[in-house]
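Following: one structure in structure tokens, then a few remarks.
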Amino acid sequence: MFVTVLLLWLCVWFIILQFKSRRPRNFPPGPPALPILGNLFHLNLENPLKDFERLNKSYGNVYSLFIGPKPAVVINGLKAMKEAIVIKAADFSGRPQDSLVNDVVQTKGIVLADYGSVWRDHRRFALMTLRNFGLGKNSMEDRIHDEVQYTIKTLETSIGKTLSPQVMFHNAASNIICQVLFGKRYEYDDETIKTIVQCIMANLKMINGPWSMLYDSLPIIRTLPLPFRKVFKNYQTCENIVRHTVNEDKKTRDPGEPRHFVDCYLDELEKRGDQETSFSEQQLISTCLDLYGAGTDTTSNTVQTAFLYLMNYPHIQERCQQEIDQVLEGKDRPSFEDRNNMPYMQAVIHEVQRIANTVPLSVFHCTTRDTELMGYSIPKGTMIIQNLTSVLREEGQWKFPHEFNPENFLNEKGEFVKPEAFMPFSAGPRMCLGEGLARMELFLILVTLLRKFKFIWPEDAGEPDFTPVFGITMTPKPYRMKVQLRSEQ
Numbered sequence: 007m008f009v010t011v012l013l014l015w016l017c018v019w020f021i022i023l024q025f026k027s028r029r030p031r032n033f034p035p036g037p038p039a040l041p042i043l044g045n046l047f048h049l050n051l052e053n054p055l056k057d058f059e060r061l062n063k064s065y066g067n068v069y070s071l072f073i074g075p076k077p078a079v080v081i082n083g084l085k086a087m088k089e090a091i092v093i094k095a096a097d098f099s100g101r102p103q104d105s106l107v108n109d110v111v112q113t114k115g116i117v118l119a120d121y122g123s124v125w126r127d128h129r130r131f132a133l134m135t136l137r138n139f140g141l142g143k144n145s146m147e148d149r150i151h152d153e154v155q156y157t158i159k160t161l162e163t164s165i166g167k168t169l170s171p172q173v174m175f176h177n178a179a180s181n182i183i184c185q186v187l188f189g190k191r192y193e194y195d196d197e198t199i200k201t202i203v204q205c206i207m208a209n210l211k212m213i214n215g216p217w218s219m220l221y222d223s224l225p226i227i228r229t230l231p232l233p234f235r236k237v238f239k240n241y242q243t244c245e246n247i248v249r250h251t252v253n254e255d256k257k258t259r260d261p262g263e264p265r266h267f268v269d270c271y272l273d274e275l276e277k278r279g280d281q282e283t284s285f286s287e288q289q290l291i292s293t294c295l296d297l298y299g300a301g302t303d304t305t306s307n308t309v310q311t312a313f314l315y316l317m318n319y320p321h322i323q324e325r326c327q328q329e330i331d332q333v334l335e336g337k338d339r340p341s342f343e344d345r346n347n348m349p350y351m352q353a354v355i356h357e358v359q360r361i362a363n364t365v366p367l368s369v370f371h372c373t374t375r376d377t378e379l380m381g382y383s384i385p386k387g388t389m390i391i392q393n394l395t396s397v398l399r400e401e402g403q404w405k406f407p408h409e410f411n412p413e414n415f416l417n418e419k420g421e422f423v424k425p426e427a428f429m430p431f432s433a434g435p436r437m438c439l440g441e442g443l444a445r446m447e448l449f450l451i452l453v454t455l456l457r458k459f460k461f462i463w464p465e466d467a468g469e470p471d472f473t474p475v476f477g478i479t480m481t482p483k484p485y486r487m488k489v490q491l492r493s494e495q
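Numbering-wise (our numbering), the sequence shown opens with residue 7 and increments by one.
So this is what it looks like as structure tokens:
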């Protein structure tokens, strides 16, 4: 009898230990974690942002969760964010390697490559190449203006009517990045680009959903024929399309006379010859898919957010148009340099990016060594989640943190200022590679369209719903817009 009671108590004690926190010494605090499942039940997997905010209030700006059996640290607020990804960037710039998304891309490309020489070489090359496209004949500006003309034609056919702009803006962003990567644009009904968009959108949804969480938490299920297998198939489809595009490009390229990113990369590959190098055609394909995925959805969603707010804040739209008319008087089209003379337009674009919060959790980081953050000890290999929402709407950092107001980016003289807490592209060495292209796209697209058209919220559309749909990227709920030619034109 005594032995039975003792064994029963030992079992109960073992279960209690399993349910108790398994956090290392001096690790950031957080909610109790279940065995195997961790804190999955503390998060709404459809949209965990409110849960992150609630846990932030309970445990502070640096707290921990268990994603299955793996510990993760969530960083909130400007002070903690700066310490981690700027001041101690080398310690916090790794990428978690044992996850669905990493297994799919096999750590190739730039976005998910681990922190090291391969990532460093490719990021440096990509930044230099994209910067060079800002200069000379057929510059980045020219490519953007060329594509905006197709958007204008679509809008002109809808004068006085209502239309859903989601596909139109997505196609525009897609074609701009395709021009940069491959030197070609696709008609909006082209099956190739439709396939890529469908595969990438399906993967973004899956990678951010419950099946990805289960894949990451329970390695034992990875070989089973479950829905996450579709992610591998979709990525392979995209790889095959890009590989075919690269092979077709080889037939017409003139070495040393690059027309676009693929040509530049192939030139670099030839220049390196037989020497040991991380550059390869597989890396080229993965990098193209990284740049396409990062440069399409984010820009498209931000432009959609811009017009959703501009239609519902018509006084802000009108003030933008007044400034545009004044600065561009006598000019055929805007240039990116014109932004320096448009403080209000600049403020509106930045406020749209702040409110859109397009990539709210950035891309997960990982510690590269044992380190410290805000007095806590963080072991090597710990997943790091940046809650950018906590910075973009942080009390004390913004005049109007919880409302759409361009005054957040204007000083008392009406001059454009950018607060330190503005980091929709993240910060540090891992910040968004396409920031320069995105900023140019947003300015040229919005200024060109606002100069020519007036955008109106349809009378029968009811009250606008500003609540975005959560995902790796935040997407505005579908809406319709009414378009008129401006009377001044």
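By construction, the Cβ of each residue, glycine as well, lies at the ideal position given by its N, Cα and C atoms.
By the CB criterion at 8 Å, Lys-76 and Met-389 fall inside the cutoff. The DSSP-derived three-state label of Ser-432 is coil. Looking from the CA of Pro-482, the closest CA among Lys-460, Val-358, Val-369 belongs to Val-358.
The beta carbon of Tyr-298 sits closer than 6 Å to those of Ile-183, all from its chain and outside the five residues before and after it, given in chain order. When the five nearest sequence neighbours on each side are left out, the beta carbons in the same chain lying within less than 7 Å of the beta carbon of Asp-376 are those of Pro-385, Lys-386, in order along the chain. Inclusion of Phe-98 and Thr-395 in the CB contact set at 8 Å is not warranted, their separation being larger than that value.
If only uninterrupted alpha helix (DSSP H) runs of at least 4 residues are considered, those enclosed by the region 56 to 133 are 84 to 88, 95 to 98, 106 to 111. The alpha-carbon of Gln-185 is positioned some 14 Å away from that of Thr-135. Here DSSP, grouped into helix, strand and coil, assigns Lys-483 to coil.
At a cut-off of 4 residues, the continuous stretches assigned as alpha helix (DSSP H) that sit fully inside the region 158 to 211 are 172 to 188. Leaving aside the five residues that flank Ile-213 on each side, the residues in its chain whose CB is nearer than 7 Å to its CB run, in chain order, Leu-106, Val-107, Val-237, Ile-478. Closest in alpha carbon position to Leu-61, among Ser-164, Pro-35, Glu-52, is Pro-35. Apart from the 5 residues on each side of it in sequence, Gly-83 sits with its Cβ closer than 7 Å to the Cβ of Asn-67, Ser-396, Val-397, Glu-400 in its chain, given in chain order. By the 16-neighbour rule on beta-carbons within 10 angstroms, Ile-451 is buried. With the rule of 3 Cβ pairs closer than 8 Å, the region 170 to 180 counts as touching the region 188 to 203. Between the alpha carbons of Ala-119 and Asp-196 lies a gap of roughly 31 Å. Between the C-alpha atoms of Ser-292 and His-48 there is a straight-line separation of about 35 Å. Secondary structure at Cys-372: strand, using DSSP grouped into helix, strand and coil. If you draw a straight line from the Cα of Ser-145 to the Cα of Leu-230, it comes to about 48 Å. Residue ranges of uninterrupted alpha helix (DSSP H) with 4 or more members, entirely inside the region 244 to 311 and ordered along the chain, are 267 to 278.
For Trp-404, DSSP records a beta bridge to Glu-401. Its chain contains Ile-116, Leu-439 as the residues whose beta carbon lies nearer than 7 Å to that of Arg-129, once the 5 sequence neighbours on both sides are disregarded; these appear in chain order. By the Cβ neighbour-count rule, Pro-430 is buried, with 16 or more other Cβ atoms within 10 Å of its own. In the three-state reduction of the DSSP assignment, Ile-462 falls in the strand class. Within the same chain, Asn-53 come within 6 Å of Phe-476 by CB-CB distance, once the 5 residues on both sides are set aside.
Between Asp-273 and Pro-264 the beta-carbon gap is near 6 Å, inside 8 Å, which marks them as a contact. Distance between Thr-243 and Tyr-121, taken at the CA atoms: about 27 Å.
Leaving aside the five residues that flank Pro-216 on each side, the residues in its chain whose CB is nearer than 6 Å to its CB run, in chain order, Leu-51. Our two residues, Lys-424 and Pro-261, have alpha carbons roughly 42 Å apart in a direct line. Taking 8 Å as the cut-off, the beta carbon of Gln-392 is found closer than this to the beta carbon of His-371. Setting aside the 5 residues that flank it on each side, Asn-240 is surrounded in the same chain by Cys-205, Ala-208, Asn-209, each with a C-beta closer than 7 Å to its C-beta; the list follows chain order.
Ser-493: not part of any beta strand (DSSP E); DSSP gives it neither H nor E.
Of all alpha-carbon atoms in Leu-71, Ile-73, Thr-454, Ser-123, the one lying nearest the alpha-carbon of Phe-285 is that of Ser-123. Met-351 places its beta carbon less than 8 Å from that of Ile-330.
Each of Asn-246, Glu-324, Glu-465 was checked against the Cα of Ser-493, and the nearest Cα belongs to Glu-324.
Secondary structure of Phe-476 (DSSP, three-state): coil.
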